[in-house]
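Asker: What follows is a single structure, and I will ask about it in a moment.
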Amino acid sequence: MTRSTAPRRSRVDAFFRDVREDIHAVRVGDPAARSKLSIVVNYSGLHAVWWHRLAHLLWQRPGGKFAARAVSQLSRFLSGIEIHPGARIGKRLFIDHGMGVVIGETAEIGDDCVIYHGVTLGGVSTKKVKRHPTIGDRVLIGAGAKLLGPIEIGDGARIGANAVVTSSAPAGAVLVGIPAKNRARDPRASRDGGDWVI
Numbered sequence: 002m003t004r005s006t007a008p009r010r011s012r013v014d015a016f017f018r019d020v021r022e023d024i025h026a027v028r029v030g031d032p033a034a035r036s037k038l039s040i041v042v043n044y045s046g047l048h049a050v051w052w053h054r055l056a057h058l059l060w061q062r063p064g065g066k067f068a069a070r071a072v073s074q075l076s077r078f079l080s081g082i083e084i085h086p087g088a089r090i091g092k093r094l095f096i097d098h099g100m101g102v103v104i105g106e107t108a109e110i111g112d113d114c115v116i117y118h119g120v121t122l123g124g125v126s127t128k129k130v131k132r133h134p135t136i137g138d139r140v141l142i143g144a145g146a147k148l149l150g151p152i153e154i155g156d157g158a159r160i161g162a163n164a165v166v167t168s169s170a171p172a173g174a175v176l177v178g179i180p181a182k183n184r185a186r187d188p189r190a191s192r193d194g195g196d197w198v199i
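Counting in my numbering, the sequence shown runs from 2 upward without gaps.
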């Protein structure tokens, strides 16, 4: 293998590794997932993440912003999920159901997160600054939750359905209500993070 083909080969290997990890994340996160083929064909959240990777790659290239926005708009049309191509998304993000999810330009999402339908990671400023949330690893965001502004959500946090979060929260927080308040984890919740009572 020549030096010029080695980096390309490693990028291709990394791409397929990421695809396999994405599919596995859906199988782990959704008990209704029947097979790998079903996941690849039927899960719009997965499609949106894959389209976003292409859009984000284009966004980072000189002169690629128009093409990146075109790809993200196509993804929005096909999946009902709007992810700005400038957003930074970690590995194994699982967007379950997904319809109505909006992720803004300066949002950052860590690894192994789960987002349900109707979630907004939105901004509260029109200035060209960091204006969207930063989400840590292993965060679960319930259906309809709104996270607004340049807030930071720590690793392992759980955000209840329809919560409105406008303040940063530490690792392991459980945020519920409008405005969302941190409350202690329910002792009935499993230690592995699989089931949470919020």
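Cβ atoms here follow ideal geometry from the backbone N, Cα and C, with glycine treated the same way.
Model, not experiment: these values are computed from the prediction.
How many Å lie between G91 and G111 at the Cα?
Answerer: Counting from 1 along the sequence shown, the entry for residue 91 is found at position 90. Counting from 1 along the sequence shown, the entry for residue 111 is found at position 110. Distance between the alpha carbons of G91 and G111: 5 Å.
Asker: Which value, in whole angstroms, describes the spacing of the CA atoms of L141 and R159?
Answerer: If you number the sequence shown from 1, residue 141 lands on position 140. If you number the sequence shown from 1, residue 159 lands on position 158. Rounded to the nearest angstrom, the two C-alpha atoms are 5 Å apart.
Asker: If L58 and V27 are in contact, beta carbons under 8 Å, what's the gap, nearest whole angstrom?
Answerer: Counting from 1 along the sequence shown, the entry for residue 58 is found at position 57. Counting from 1 along the sequence shown, the entry for residue 27 is found at position 26. Contact flag wrong, Cβ pair sits at about 22 Å.
Asker: Which full runs of the alpha helix (DSSP H) of 4+ residues lie inside the stretch 52-130, going along the chain?
Answerer: 66-80
Asker: Here's the rule I'm using: 16 or more other beta-carbon atoms within 10 Å means buried, otherwise exposed. How should I179 be labelled?
Answerer: Within the sequence shown, the letter at position 178 stands for residue 179. By the neighbour-count rule (16 or more Cβ atoms within 10 Å), I179 is not buried but exposed.
Asker: Would you kindly check if the distance between the Cβ of G81 and the Cβ of G101 is under 9 Å?
Answerer: For this step, residue 101 is matched to residue 100 along the sequence shown. For this step, residue 81 is matched to residue 80 along the sequence shown. Yes. Within cutoff.
Asker: I'd like to check one pair, W51 with P86: are the Cβ atoms closer than 9 Å?
Answerer: Position 85 of the sequence shown, counting from 1, holds the residue named residue 86. Position 50 of the sequence shown, counting from 1, holds the residue named residue 51. Cβ atoms of P86 and W51: not closer than 9 Å.
Asker: If I follow the unbroken beta strand (DSSP E) through N183, where does it start and stop?
Answerer: Taking the sequence shown and counting its residues from 1, the one referred to as residue 183 is at position 182. Element bounds for N183: 182-184.
Asker: Three or more C-beta pairs under 8 Å: does that hold for the stretch 61-71 against the stretch 20-35?
Answerer: no
Asker: Go through its chain and collect everything with a Cβ distance to G157's Cβ below 8 Å, but skip five positions before and after it.
Answerer: In the sequence shown, counting from the first residue as 1, residue 157 sits at position 156. Around G157: G137, D138, R139, V140, A172, G173, G194.
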